[in-house]
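Below is one structure; the comments refer to it alone.
Residue numbers (the working numbering), protein chains in the order written: chain A, 1331 to 1782; chain B, 27 to 456.
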């Protein structure tokens, strides 16, 4: 066989089409939406129950209630202790995971297809009939309080927590710590957990997602047995709108004396998941800081060696999540790194990306799409997003087309609307004695110092 | 029960090739394992294998700096590399029609890396790696744990005595000559395994591999590792280190020398570790976290290392007022009690492992990585299919014997973290 002339990269072969697997829709009489997806590659199935029980639905004085309730589900039911439930699930290879975010609570597990019936029974028992015994509530509360202590000494969390707080007004839930603060966590009780379940764990607005080697008729019968008697509807969501704390550019240093690195967060309020700029913003952000070859990473890492890596991104939620640049740099080069990052944002908004960058970013996003759908768990998360954010049924089928149709002007115009360098808050978790002077010299705006 | 197909070939230059086909999604993974890691570093050169891995992304004769990333991202692929004790792996997952691009990039740096190396690139990546060390180790609570643990579990003469990230001084001192020597010694086809997994046409892909890699000359014999490779099966004592540091909560880590992964006896250690700490029904979670509530969290795992000995590792994080001595006693007590392990506990632990493994290998990249690993460590990539059977064959008596032989006080390294402030208060009171 001949060896290659190496000068140019080899040409691509014949492209094979990829279709998002068909999503079968169904609904139980109590309003529980069902989605099932056939995926036969390996003997595994993922089941996820998505509940309209996000942390954003919790009032400030009870902050953390959704998270703590989710964490307490493993504490047992009226008839089985937490350990008995864990033994029953794990003996069939299923580990229960409960994830609580701002918009929803997801209860999920994966198991072999032949154990699905048993696993779904236990999952339903855990969600519909939790007992919240007092000693388990004490335990979860103690663990959460200890986790709050840990965040206070973790450099990355210190910067992220400050950035979140400084991005939003006091009354916007997104400005809080997702798991609550010391005071609100201390008030958590069995009654509070039961009350939250009573109000928020309801079949209308909930979704049951099954992905794997499953038969539609069989899983519907299983779901009917497990969830058929459940009823009710969650209350109207609070109409609180996410508002920024400030529209003035400023710098806040959270002081960590002798820190060897500065954790940097630069950003402001972003956009909701429903924004019509969604695809143009994805393309623009990929160019700015969403890939290894983004402008920020090539500058801060590959040209200057300031950092191990830097990313930027919009966090899209029901309401406007943040847009943020995030990195960690050597203490001595903190102001240099901030200057370069801000200059990259301003430059890209001013001159716009090159046509080559736009094409490359589109190709990257369209190309990695199937890689995000390899596992039953990944597919379940994608299908849950359809329900959660009320996305059109052809969303996945048309995703790559929509990415590819974003023009340079679309991307630039959307970015100019949604990224505003004059309104950024720059948060530095680092050694104020060293970084303050050089940051003041940048002239970005007022520089304040807080204690960590 | 698993039946992942795999076909093996060896090129004339010694490159071992595994092809594992799965056409369910039009993506393909390219995965290369080089049998070189931190174990091959000589004194004064710690961290070099990892720094070298960074240099592999700085271009090669036909690929300018940043081009490797640009081409893969433009193709709609993902890529990365990692360095570990026994190996360094490089991998791309790309849409299947771009398979040859990934092969071209990997072969160009295997065959033609050195002409592209410059002092400027080395200086830049030294800075990047030093920032990686600061971000992931120096600026992290408990971030230096592996440095202490490795130094206690392995003697100074053993290649696992030092960490993969290495020391700042050694990273700082690396030269272009070091890069050239390391490349010529270890980055040769006869020291590598290439796995292609996913959507490809078998004959075509083998031709591509031959076309891209076939012209790279075979390297020399791979030198034996530096240091004393044989070591006694146990540490011989309880060794301790107490660290007062900027940590929020006390934490106690226990580490034990165990048989290496390449020894059949390793599987009993793996099962013992799962029974101890995998899942919410596991002994440590149930006892320390749920019932006695002396720990906020517990972690248990084994390191499947191949040179002389592996490692069994557990840790527990306490609460602000926890007594580290009590945490240590609770951990040690639960581990020693594994002598009385029951069949059903083993069943449960293996069921969880099975679900985890099957979930993991749904990704072609993970599957390719495991096939490369089984090839490098066992000269048998298809061993992936029978790995669960080896775990299932472990009996309660074997776990019990393992516990007696390896989890006692004559084979124990204990690392205790105490919050600096608490330590100061305690001193003030005494």
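For each residue, glycine too, the CB sits at the ideal point set by N, CA and C.
Residue 1768(A) and residue 41(B) have their alpha carbons spaced roughly 53 Å apart.
Distances from the alpha-carbon of residue 1754(A) to those of 1588(A), 1557(A), 1714(A), 1498(A) put 1498(A) closest.
Between residue 323(B) and the set 67(B), 314(B), 330(B), the nearest pair of CA atoms involves 314(B). In the three-state reduction of the DSSP assignment, residue 1647(A) falls in the strand class. Residue burial annotation: residue 1761(A) is buried, with at least 16 other C-beta atoms found within 10 angstroms of its C-beta. Counting along the chain, residue 1380(A) sits inside the beta strand (DSSP E) bounded by residues 1375–1381.
Annotation: the continuous beta strand (DSSP E) that includes residue 109(B) extends over 104–109.
Interface flag for residue 1421(A) against chain B is set, since a Cβ pair is found closer than 8 Å. Per DSSP, the continuous beta strand (DSSP E) segment holding residue 267(B) begins and ends at 264–271. Residue 111(B) has a beta carbon lying at 8 Å or more from every beta carbon in chain A.
Using a Cβ-Cβ cut-off of 8 Å, residue 1637(A) counts as an interface residue toward chain B, since at least one Cβ of chain B sits closer than that to its own. For the stretch 303–316 of chain B, the beta-carbon criterion of a distance under 9 Å to any beta-carbon of chain A is satisfied by 304, 305, 306, 307, 308, 311, 312, 315, 316.
For residue 1370(A), the number of other beta carbons within 10 angstroms of its own is below 16, and it is reported as exposed. Among the residues of the stretch 1478–1512 of chain A, those with a Cβ less than 7 Å away from any Cβ of chain B are 1479, 1480, 1482, 1483, 1484, 1485, in the order of the chain. Take residue 1700(A), set aside five residues on each side of it, and the residues of its chain with a beta-carbon closer than 7 Å to its own are 1348, in chain order. In this chain, the beta strand (DSSP E) harbouring residue 1655(A) covers 1652–1660.
Comparing alpha carbon positions, the residue from 1458(A), 1509(A), 1424(A), 1445(A) closest to residue 1396(A) is 1509(A). Taking each of 423(B), 392(B), 426(B) in turn and checking the Cα distance to residue 56(B), the smallest one comes out for 392(B). Residue-level contact check: residue 1404(A) touches chain B, since one or more beta carbons of chain B fall below 8 Å from its beta carbon.
Taking 9 Å as the cut-off between beta carbons, the residues of the stretch 1674–1708 of chain A near chain B are 1689, 1690, 1691, 1693, 1694, 1695, 1696, 1697, 1698, 1699, 1700, 1701, 1703, 1704, 1705, 1706, 1707, 1708, in sequence order. Looking at the DSSP output, residue 1539(A) shares a beta bridge with 1365(A), 1378(A). Only exposed fits residue 246(B), as fewer than 16 other CB atoms lie within 10 angstroms of its CB. Residue pairing for residue 218(B): DSSP places it in a beta bridge opposite 60(B). Under the DSSP assignment, residue 1708(A) falls in the alpha helix (DSSP H) whose first and last residues are 1706–1718. Between the alpha carbons of residue 1524(A) and residue 1462(A) lies a gap of roughly 7 Å. Per DSSP, residue 95(B) is one residue of the alpha helix (DSSP H) stretching across 93–100. Put simply, the CB of residue 1587(A) is far from chain B, with every gap to its CB atoms at 8 Å or more. Within chain A, 1420, 1423, 1425 have C-beta atoms less than 7 Å from the C-beta of residue 378(B), given in sequence order. Here residue 1565(A) really is in contact with residue 1529(A); their C-beta atoms are around 6 Å apart, less than 8 Å. Bounds of any alpha helix (DSSP H) do not take in residue 1597(A); it lies within the beta strand (DSSP E) bounded by 1591–1599.
Going by beta carbons, residue 1483(A) and residue 274(B) fall inside the 8 Å limit. Scanning 1376(A), 1748(A), 1455(A) for the CA closest to the CA of residue 1408(A) turns up 1455(A). In this structure, residue 191(B) keeps its C-beta atom at 8 Å or more from the C-beta atom of residue 152(B). Using a Cβ distance threshold of 8 Å, residue 276(B) and residue 350(B) count as a contacting pair. For residue 83(B), the closest of 34(B), 307(B), 180(B), 133(B) by C-alpha to C-alpha distance is 133(B). The three-state secondary structure of residue 1497(A), taken from DSSP, is helix.
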